[in-house]
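Novice: Before we start, here is the structure in question, set down as structure tokens.
In the numbering used here, the protein residues as written are 12 to 316.
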């Protein structure tokens with residue numbers, strides 16, 4: 012398995028130069044575009060890794076399935092479903108829908124920015140600092156890494172330049188979809204996106220979702236299997252932004268990308284996969300990362316279809 016991963020990383024490394032760094036978050040332009048790493052956590056307890064898998068990066072939108080999971084744990088499926096829809100938008104992750112129609116919950120999904128901002132309001136906590144800390148703690152638990160922390164530089168960079176997300180949040184406020192102070196909600200969201208992880212962390216998180224809510228090795232149940240089913244279904248249809256359909260055809264597993272260059276993939280009952288390569292395609296997905304997943308899926312028959 013390790014030889015296969017090494018072969019695939021070397022075969023796809025030239026794709027890194029074809030991507031672009033996410034320059035609308037200034038701190039992310041400091042990344043090394045040639046980085047490419049992968050980590051695999053399997054159901055038999057074995058771990059495989061190669062490339063730049065130790066590099067740390069900000070989780071960005073890969074926090075969205077964790078946000079959704081915590082919202083489900085706090086409120087249950089019916090309430091979350093009433094506040095944030097499940098349908099793919101077919102539009103970029105940060106799109107602003109300007110129409111004459113009233114904005115409704117079914118127009119959102121948890122994997123685009125507007126839906127994720129709304130989900131921050133569903134978390135339990137006395138204030139948004141407590142809500143973020145609970146999200147951070149769940150991330151640490153899922154990853155099996157108590158040392159995961161906030162990348163302060165990325166957080167401040169996003170907070171300083173995230174005006175499009177402010178526009179999305181004020182639009183939600185205009186239509187009565189959030190009641191709290193917009194800056195408090197956004198502060199939680201910017202912090203959530205700035206959690207620092209590596210490929211191993213993403214692989215372990217993906218494995219818990221692949222294992223229907225049970226931790227690797229101990230089989231301790233962290234959440235009901237129906238929540239894993241819910242999250243995985245949303246990842247399959249919406250996790251790779253408006254490239255989700257093509258990804259389903261070429262790779263065929265639930266996955267979530269982030270503009271920090273990470274991809275978390277879930278292969279139900281078999282494995283969790285974490286990939287890092289910061290060069291992005293036009294959809295905002297890791298270009299070389301997707302290429303590695305395409306080849307790995309083909310070689311190991313990972314597609315669920």
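Note that beta-carbon positions come from the ideal geometry of N, C-alpha and C, so glycine has one too.
CA-CA distance, residue 280 and residue 219?
Specialist: For this step, residue 280 is matched to residue 269 along the chain shown. For this step, residue 219 is matched to residue 208 along the chain shown. Looking at the two C-alpha atoms, the distance is approximately 9 Å.
Novice: Taking the C-alpha atoms as reference points, what is the distance between residue 79 and residue 70?
Specialist: In the chain shown, counting from the first residue as 1, residue 79 sits at position 68. In the chain shown, counting from the first residue as 1, residue 70 sits at position 59. The alpha-carbon atoms of residue 79 and residue 70 are separated by roughly 15 Å.
Novice: What's the gap between the Cα of residue 309 and the Cα of residue 189?
Specialist: Position 298 of the chain shown, counted from the first residue, corresponds to residue 309. Position 178 of the chain shown, counted from the first residue, corresponds to residue 189. Looking at the two C-alpha atoms, the distance is approximately 43 Å.
Novice: Shortest alpha-carbon distance to residue 276 belongs to which of 84, 63 and 213?
Specialist: Position 265 of the chain shown, counted from the first residue, corresponds to residue 276. That would be 213, whose Cα lies nearest to the Cα of residue 276.
Novice: Does the separation of the CB atoms of residue 209 and residue 75 fall below 9 Å?
Specialist: Walking along the chain shown from the start, residue 209 turns up at place 198. Walking along the chain shown from the start, residue 75 turns up at place 64. Result no, Cβ atoms of residue 209 and residue 75 do not sit closer than 9 Å.
Novice: With DSSP as the reference, identify every bridge partner of residue 60, one or two as the case may be.
Specialist: To locate residue 60, count along the chain shown from 1; it is residue 49. For residue 60, which the question treats as bridged, DSSP gives the partners 50.
Novice: Look at the Cβ atom of residue 61, then the Cβ atom of residue 42, and state whether they are nearer than 9 Å.
Specialist: Indexing the chain shown from 1 puts residue 61 at position 50. Indexing the chain shown from 1 puts residue 42 at position 31. The answer is no: Cβ separation not under 9 Å.
Novice: Can you find the residues in the same chain that come closer than 7 Å, C-beta to C-beta, to residue 109, ignoring five residues on each side of it along the sequence?
Specialist: Numbered from its first residue, the chain shown carries residue 109 at position 98. In this predicted model, residue 109 has a pLDDT of only 49, less than 50, meaning its place in the structure is not dependable; the value taken from the coordinates is given anyway. Nothing meets the Cβ criterion.
Novice: Could you give the distance in angstroms between the alpha-carbon of residue 86 and the alpha-carbon of residue 249?
Specialist: Within the chain shown, numbered from 1, the residue matching residue 86 stands at position 75. Within the chain shown, numbered from 1, the residue matching residue 249 stands at position 238. When rounded, the distance between both Cα atoms is 22 Å.
Novice: Which two residues bound the contiguous beta strand (DSSP E) that contains residue 207?
Specialist: Your numbering for residue 207 matches position 196 in the chain shown. Note, residue 207: beta strand (DSSP E), 206-208.
Novice: What residue range is occupied by the uninterrupted beta strand (DSSP E) comprising residue 267?
Specialist: Counting from 1 along the chain shown, the entry for residue 267 is found at position 256. Element bounds for residue 267: 266-268.
Novice: Look at the Cβ atom of residue 91, then the Cβ atom of residue 119, and state whether they are nearer than 9 Å.
Specialist: For the purposes of this step, residue 91 is taken as the residue at position 80 of the chain shown. For the purposes of this step, residue 119 is taken as the residue at position 108 of the chain shown. For residue 91 and residue 119, no; Cβs fall outside 9 Å.
Novice: Going by the beta-carbon positions, is the gap between residue 29 and residue 290 smaller than 9 Å?
Specialist: On the chain shown, position 18 is the one that residue 29 refers to. On the chain shown, position 279 is the one that residue 290 refers to. Cβ distance < 9 Å, so residue 29 and residue 290 count as in contact.
Novice: Tell me, please, whether the stretch 162-173 touches the stretch 134-144 by the rule of three or more beta-carbon pairs shorter than 8 Å.
Specialist: no
Novice: Would a C-beta distance cut-off of 9 Å place residue 52 and residue 227 closer than the cut-off?
Specialist: Translated into the one-based positions of the chain shown, residue 52 becomes position 41. Translated into the one-based positions of the chain shown, residue 227 becomes position 216. Yes, Cβ-Cβ distance for residue 52 and residue 227 is below 9 Å.
Novice: Decide if residue 187 is buried, meaning its Cβ has at least 16 other Cβ atoms within 10 Å, or exposed.
Specialist: Within the chain shown, numbered from 1, the residue matching residue 187 stands at position 176. Looking at its Cβ environment, which holds fewer than 16 other Cβ atoms inside 10 Å, residue 187 is exposed.
Novice: Going by the beta-carbon positions, is the gap between residue 285 and residue 217 smaller than 9 Å?
Specialist: Taking the chain shown and counting its residues from 1, the one referred to as residue 285 is at position 274. Taking the chain shown and counting its residues from 1, the one referred to as residue 217 is at position 206. Here residue 285 is near residue 217, since their CB atoms are less than 9 Å apart.
Novice: Note down, in chain order, each residue of its chain lying with its Cβ closer than 7 Å to the Cβ of residue 2, except the 5 sequence neighbours on either side.
Specialist: Given a span of 12 to 316 for the chain in the structure shown, any question on residue 2 remains unanswerable.
Novice: Per DSSP, what kind of secondary structure is residue 129 in: helix, strand or coil?
Specialist: As a position in the chain shown, residue 129 is number 118, starting the count at 1. Helix, per DSSP.
Novice: Use the C-beta contact count for residue 316: other C-beta atoms within 10 angstroms, 16 or more gives buried, fewer gives exposed.
Specialist: Numbered from its first residue, the chain shown carries residue 316 at position 305. Exposed, since its Cβ has fewer than 16 Cβ neighbours within 10 Å.
Novice: What does a CB cutoff of less than 7 Å around residue 82 pick up in its chain, not counting 5 residues either side in sequence?
Specialist: As a position in the chain shown, residue 82 is number 71, starting the count at 1. 91, 130, 133 and 134, listed in sequence order.
Novice: My parser needs the beta strand (DSSP E) runs of 3 or more residues fully inside the stretch 178-236; what are they?
Specialist: 206-208
Novice: Per DSSP, which one or two residues make a beta bridge with residue 291?
Specialist: Translated into positions along the chain shown, residue 291 becomes position 280. According to DSSP, residue 291 bridges with 31 and 297.
Novice: With burial defined as no fewer than 16 other Cβ atoms inside 10 Å of the residue's Cβ, what is the status of residue 57: buried or exposed?
Specialist: The sequence position of residue 57 within the chain shown is 46, counting from 1. Per the 10 Å Cβ criterion, exposed.
Novice: Quick check on the burial criterion: 16 or more other C-beta atoms within 10 angstroms. Buried or exposed for residue 150?
Specialist: For this step, residue 150 is matched to residue 139 along the chain shown. Looking at its Cβ environment, which holds 16 or more other Cβ atoms inside 10 Å, residue 150 is buried.
Novice: Check each candidate in 26, 27, 64 and 39 and name the one with the smallest Cα separation from residue 13.
Specialist: Numbered from 1 along the chain shown, position 2 holds the residue referred to as residue 13. Closest by alpha carbon: 64.
Novice: My understanding is that residue 206 touches residue 147, with C-beta atoms under 8 Å, so please give their C-beta distance in whole angstroms.
Specialist: For the purposes of this step, residue 206 is identified with residue 195 of the chain shown, where counting begins at 1. For the purposes of this step, residue 147 is identified with residue 136 of the chain shown, where counting begins at 1. Under the criterion of beta carbons closer than 8 Å, residue 206 and residue 147 qualify as touching, at roughly 6 Å.
Novice: By the DSSP assignment, the beta strand (DSSP E) with residue 99 in it spans what residues?
Specialist: Position 88 of the chain shown holds residue 99. It is not in any beta strand (DSSP E) - residue 99 carries neither H nor E in the DSSP assignment.
Novice: Quick test of your reading: residue 288 and residue 100, contact by CB under 8 Å. State the CB separation rounded to the nearest angstrom.
Specialist: Against the chain shown, residue 288 aligns to sequence position 277. Against the chain shown, residue 100 aligns to sequence position 89. Not confirmed; about 25 Å, so no contact.
Novice: Just to confirm the assignment, what range does the alpha helix (DSSP H) spanning residue 82 have?
Specialist: If you number the chain shown from 1, residue 82 lands on position 71. Here the alpha helix (DSSP H) through residue 82 covers 75-86.
Novice: Give me the residue from 39, 246, 45 and 196 with the minimum Cα distance to residue 138.
Specialist: Here residue 138 refers to the residue found at position 127 when the chain shown is read from its first residue. Residue 138 has its Cα closest to that of 196, out of 39, 246, 45 and 196.
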